[in-house]
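> In order, the protein sequences belong to chains H and Y. Quick note on my numbering: the first sequence kicks off at 181 and runs consecutively. Quick note on my numbering: the second sequence kicks off at 5 and runs consecutively. All C-beta atoms in this analysis are idealised placements derived from N, C-alpha and C, irrespective of residue type, glycine included. Nothing here was measured: the structure is a model prediction, and the numbers come from that model.
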Amino acid sequence: MQKFLEQWPTVFNALNIGFLQTLKLFAVTLIGALPLGLLICFGTMSKIKPVSMILKLVVWVVRGTPLMIQLLIIYYFPGLIFGTSIWGSGEAGRFTASAVAFVFNYACYFSEIYRGGIAAVPIGQREAGLVLGMTKKQIFGRITLLQMIKRIVPPISNEVITLVKDTSLARIIALQEIIWAGQSFLKGSHGIAGEIWPLFFTAIYYLLFTGVLTILLGKLEKKLEFFR
Amino acid sequence: MAVLEVKNIEKHFGDTKVLNDISFSLERGSALAIIGSSGSGKTTLLRCLNFLEKPDGGEIFVNGEKIFDAGDTSKLSEKELRARRLHFGLVFQNFNLFPQYTALQNVTLAEELFKKEEEGYAAGNKEYRKAELKKVQQHGMELLEKMGLAERANHYPHQLSGGQQQRVAIARALALNPDILLFDEPTSALDPELTGEVLKVIRSLADQHTTMIIVTHEMAFARDVADSVIFMDGGYIIEQGPAKEVIENPKMERTKQFLSHYNE
Ligand SMILES: Nc1ncnc2c1ncn2[C@@H]1O[C@H](COP(=O)(O)OP(=O)(O)OP(=O)(O)O)[C@@H](O)[C@H]1O
Ligand SMILES: [Mg+2]
Numbered sequence: 181m182q183k184f185l186e187q188w189p190t191v192f193n194a195l196n197i198g199f200l201q202t203l204k205l206f207a208v209t210l211i212g213a214l215p216l217g218l219l220i221c222f223g224t225m226s227k228i229k230p231v232s233m234i235l236k237l238v239v240w241v242v243r244g245t246p247l248m249i250q251l252l253i254i255y256y257f258p259g260l261i262f263g264t265s266i267w268g269s270g271e272a273g274r275f276t277a278s279a280v281a282f283v284f285n286y287a288c289y290f291s292e293i294y295r296g297g298i299a300a301v302p303i304g305q306r307e308a309g310l311v312l313g314m315t316k317k318q319i320f321g322r323i324t325l326l327q328m329i330k331r332i333v334p335p336i337s338n339e340v341i342t343l344v345k346d347t348s349l350a351r352i353i354a355l356q357e358i359i360w361a362g363q364s365f366l367k368g369s370h371g372i373a374g375e376i377w378p379l380f381f382t383a384i385y386y387l388l389f390t391g392v393l394t395i396l397l398g399k400l401e402k403k404l405e406f407f408r
Numbered sequence: 005m006a007v008l009e010v011k012n013i014e015k016h017f018g019d020t021k022v023l024n025d026i027s028f029s030l031e032r033g034s035a036l037a038i039i040g041s042s043g044s045g046k047t048t049l050l051r052c053l054n055f056l057e058k059p060d061g062g063e064i065f066v067n068g069e070k071i072f073d074a075g076d077t078s079k080l081s082e083k084e085l086r087a088r089r090l091h092f093g094l095v096f097q098n099f100n101l102f103p104q105y106t107a108l109q110n111v112t113l114a115e116e117l118f119k120k121e122e123e124g125y126a127a128g129n130k131e132y133r134k135a136e137l138k139k140v141q142q143h144g145m146e147l148l149e150k151m152g153l154a155e156r157a158n159h160y161p162h163q164l165s166g167g168q169q170q171r172v173a174i175a176r177a178l179a180l181n182p183d184i185l186l187f188d189e190p191t192s193a194l195d196p197e198l199t200g201e202v203l204k205v206i207r208s209l210a211d212q213h214t215t216m217i218i219v220t221h222e223m224a225f226a227r228d229v230a231d232s233v234i235f236m237d238g239g240y241i242i243e244q245g246p247a248k249e250v251i252e253n254p255k256m257e258r259t260k261q262f263l264s265h266y267n268e
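1. Quick check: the stretch 321-331 of chain H against the stretch 298-305 of chain H, are there 3 or more CB pairs under 8 Å?
2. Reducing DSSP to helix, strand and coil, say where residue 12(Y) ends up.
3. With H, G and I counted as helix, E and B as strand and the rest as coil, what does DSSP make of residue 245(Y)?
4. Can you tell me which of the three DSSP states residue 275(H) falls into?
5. What is the residue span of the beta strand (DSSP E) that residue 40(Y) lies within?
6. Thinking C-alpha only, which one of 287(H), 312(H) and 250(H) is nearest residue 216(H)?
7. Compute the minimum distance between the beta carbon of residue 233(Y) and the heavy atoms of ligand 1, and state whether it is under 7 Å.
8. I need the straight-line Cα distance from residue 403(H) to residue 175(Y), nearest angstrom please.
9. Along chain Y, which residues have their Cβ under 9 Å away from the Cβ of residue 314(H)?
10. Tell me, please, whether the CB atom of residue 246(Y) is closer than 8 Å to any CB atom in chain H?
11. Compute the minimum distance between the beta carbon of residue 46(Y) and the heavy atoms of ligand 2, and state whether it is under 7 Å.
12. Is it right to say residue 115(Y) is buried, meaning 16 or more other beta carbons lie within 10 angstroms of its own, or is it exposed?
13. Distance cutoff 8 Å, beta carbons only. Does residue 57(Y) sit that close to anything in chain H?
14. Would you check whether ligand 1 has a heavy atom nearer than 7 Å to the C-beta of residue 42(Y)?
15. Go through its chain and collect everything with a Cβ distance to residue 70(Y)'s Cβ below 8 Å, but skip five positions before and after it.
16. Give the range of the beta strand (DSSP E) segment to which residue 380(H) is assigned.
17. Relative to the C-alpha of residue 312(H), which candidate in 139(Y), 196(Y), 182(Y) and 157(Y) has its C-alpha closest?
18. Give me the Cβ distance between residue 315(H) and residue 82(Y), rounded to the nearest whole Å; I'm assuming they're in contact under 8 Å.
19. Which word fits residue 232(Y), buried or exposed, when buried means at least 16 other C-beta atoms lie within 10 angstroms of its C-beta?
20. Which residue from 240(H), 374(H) and 343(H) puts its Cα closest to that of residue 393(H)?
21. Please classify residue 246(H) as buried or exposed, where buried requires at least 16 other C-beta atoms within 10 Å of its C-beta.
22. Residues in its own chain within less than 7 Å of residue 258(Y) by CB, not counting five upstream and five downstream?
23. Spatial neighbours of residue 187(H) within its chain, please: CB distance less than 6 Å, with the 5 preceding and 5 following residues excluded, ordered by chain position.
24. Once you ignore the five residues that flank residue 197(H) on each side, which residues in its own chain have a CB closer than 7 Å to its CB?
25. For residue 338(H), tell me which candidate among 395(H), 271(H) and 241(H) has the shortest Cα-Cα distance.
26. Between the stretch 136-151 of chain Y and the stretch 105-114 of chain Y, do three or more beta carbon pairs fall short of 8 Å?
27. If the cut is a Cβ gap below 9 Å, which residues of chain H does residue 89(Y) touch?
28. Could you list the residues in the stretch 289-311 of chain H with a C-beta less than 7 Å from some C-beta on chain Y, going in chain order?
29. Report the residues of the stretch 322-337 of chain H with a CB closer than 9 Å to any CB of chain Y, ordered along the chain.
30. Is the beta carbon of residue 30(Y) less than 8 Å from the beta carbon of residue 45(Y)?
31. CA-CA distance, residue 263(Y) and residue 89(Y)?
32. Between which two residues does the alpha helix (DSSP H) carrying residue 93(Y) extend?
33. Taking 7 Å as the line, does the beta carbon of residue 189(Y) fall inside it for any heavy atom of ligand 2?
34. Closer than 7 Å, Cβ to any Cβ of chain H: which residues of the stretch 97-112 of chain Y, in chain order?
35. Could you name the residues of chain H that residue 94(Y) contacts, counting a contact when the two beta carbons are closer than 7 Å?
36. Look at the Cβ atom of residue 218(H), then the Cβ atom of residue 382(H), and state whether they are nearer than 8 Å.
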């Protein structure tokens, strides 16, 4: 107990710094992947056959392979080809590479969810808009979009919760997120070595964060209950 | 002069011919009922009129202006297409109200969007815009009142009965003052006890000389409310004429056969 109290401030501080990096990756992924997913979704529904075929293939590959491998390829592959890493050195480089991999991976998942959401809006809604002289843009913005959002909030929520935990995969390229921070006390850091409890302790962070998100996303779902 | 003139409309889906040589005309202020068994092409005909489907042959005139010519292959701009569509209002069988909007918002949405596209609106100041939007709201309220739904203006569709929803849909179709109002089996998705309130509204529109085409399976209603009737079968117009005459004394064998199912 004595030892724990001595170690706590150091560990707490290091975990907080790691968690900040986790949060940053989480936020950047959502900000990038939510709109990119919509673009990919429109692309896969495009009437231009080559565009939709290629994008469908890309989505299939991305969804069919582990994110961990995608991280490794995106981080190391350019270096193998060009001789130097295009991501820059150090933590900033690792973060950029992680962000690219995560945004791309999650955008592919989101695109499929969007597609389902759009397909679930009855065709009669679009036709009712057309008959009222609305443009395609107005129909999407004023009619389809909110109905689609209502339908995709639950599956997107699941992905968001999964993303919180998936950020730990960036550990594989040594991004200094919270798992890396916890693990450092096992190998030795800040004068502490051979301690496993900081690593276990990271679970509390994930749990609290997913808890808060679950409540917020539940509120959003409630907000959209005013129509059916 | 005829408001609507349809000449030799043809339509096929793949190899199946759904409309064959459909020609008829409609006088301003009159109501036309289209009857016929399931699959005879009634819905497809209405959809061809407002370009939800593109006919493969024929011509359509509204107020003497040619709005469709199958022989003309030049592509219409979206703007032109929209303008031509607005000659018609369409009431769907299953209402198709926008669930995220209240009854009033459903009625005013399109008019509001058109208002905002007007040059004068964009150029006007804040007070002017507010007044213009207020006018749209008032117009929407008037239409709902006409449908007997003034107290339901702020209800969402899922809070309304089927009959009320269909009446909102009628108000919505009237909002842009179409030349011709189209109904596709407006009561067939409704419980029998709710059809009456919708038929009453359509009847009152007919009394006010709204130009209408009504696809319906309610023969008594067609006979009493419509001025003329078209009977379709297998994509052909088999018989057309004054409503009372066609329904009470059909000349064609197939019309007689069809109508006999309703007289049991
Ligand atoms: N999009 C489509 N693709 C292929 N066939 C279609 C399509 N729409 C309609 N049809 C066919 O066209 C024919 C006419 O259909 P339509 O819906 O116009 O009939 P209807 O007279 O309205 O019938 P109902 O009384 O059942 O509403 C039917 O045989 C139908 O299967
Ligand atoms: Mg039909």
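Taking the coordinates as given:
1. Yes, the stretch 321-331 of chain H touches the stretch 298-305 of chain H.
2. strand
3. strand
4. Under the three-state reduction of DSSP output, residue 275(H) falls in the helix class.
5. Taken as a continuous stretch (DSSP letters only), the beta strand (DSSP E) holding residue 40(Y) covers 35-40.
6. Closest option to residue 216(H), Cα to Cα, is 287(H).
7. No, since every heavy atom of ligand 1 falls outside the 7 Å radius drawn around the Cβ of residue 233(Y).
8. 28 Å
9. Close partners of residue 314(H) in chain Y (Cβ separation under 9 Å): 86, 113, 114 and 117.
10. no
11. yes
12. Answer is buried; the Cβ neighbour count reaches 16.
13. Contact of residue 57(Y) with chain H is not assigned, every C-beta pair being separated by 8 Å or more.
14. yes
15. 63 and 64
16. Premise fails: residue 380(H) lies in the alpha helix (DSSP H), 377-403, not in any beta strand (DSSP E).
17. The residue with the shortest Cα to Cα distance from residue 312(H) is 182(Y).
18. 6 Å
19. Flag for residue 232(Y) reads buried.
20. Among 240(H), 374(H) and 343(H), the Cα nearest to that of residue 393(H) belongs to 343(H).
21. exposed
22. 237 and 242
23. Excluding sequence positions up to five before and after residue 187(H), its CB lies within less than 6 Å of the CB of 372, all in the same chain and listed in chain order.
24. 361
25. 395(H)
26. yes
27. 310, 311, 312 and 313
28. Residues 304, 305, 307, 308, 310 and 311.
29. 322, 323, 326, 327 and 330
30. In this structure, residue 45(Y) does not lie closer than 8 Å to residue 30(Y) by Cβ.
31. 33 Å
32. Run containing residue 93(Y): none in the alpha helix (DSSP H); it sits in the beta strand (DSSP E), 92-95.
33. yes
34. 98, 100, 102, 103 and 104
35. Neighbours of residue 94(Y) on chain H, chain order: 311.
36. With respect to residue 382(H), residue 218(H) sits apart: the two C-beta atoms are not nearer than 8 Å.
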